[in-house]
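See below for the structure under consideration.
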Amino acid sequence: HPSPSPALPASPAESGGTAEMPQGEILKVAGGRFRCPVGGCSKTSRFKGNVKSHMRTHTKETPYRCGVEGCGVRFRWRSGMVHHVKVMHGKE
């Protein structure tokens, strides 16, 4: 079964989140890991993409939207949207 494919918004303002990103850049630190640039946050990962996804916990961006007509609930992560569609709408 094809899984729901989200339409990514053109801008953070359209995504139900804030338009501001926390200051700083995701940098590689000791041990070849990438670190979240938000002050006071200690999140690191071997993969830059994981830290970019983690940044949504700070920005509250919700780029994934339920594609079922009349629903439109938004999610921070694709896995949450897929689970919602399966549980709430009975689709896989």
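Mapping to my numbering: the sequence shown position 25 is 25, numbers consecutive. Cβ coordinates follow ideal geometry from the N, Cα and C atoms, glycine included.
Take the alpha-carbon of residue 83 and the one of residue 68: they are about 13 Å apart. The bridge partners DSSP lists for residue 28 are 34. In this model, residue 33 and residue 80 are separated by some 26 Å (Cα to Cα). In its chain, beyond the 5 residues on either side, 4, 66, 68 and 91 have a beta carbon closer than 7 Å to the beta carbon of residue 85. Residue 76: not part of any alpha helix (DSSP H); DSSP gives it neither H nor E. Residue 51 is classed as buried because its beta carbon has at least 16 other beta carbons within 10 Å across all chains shown.
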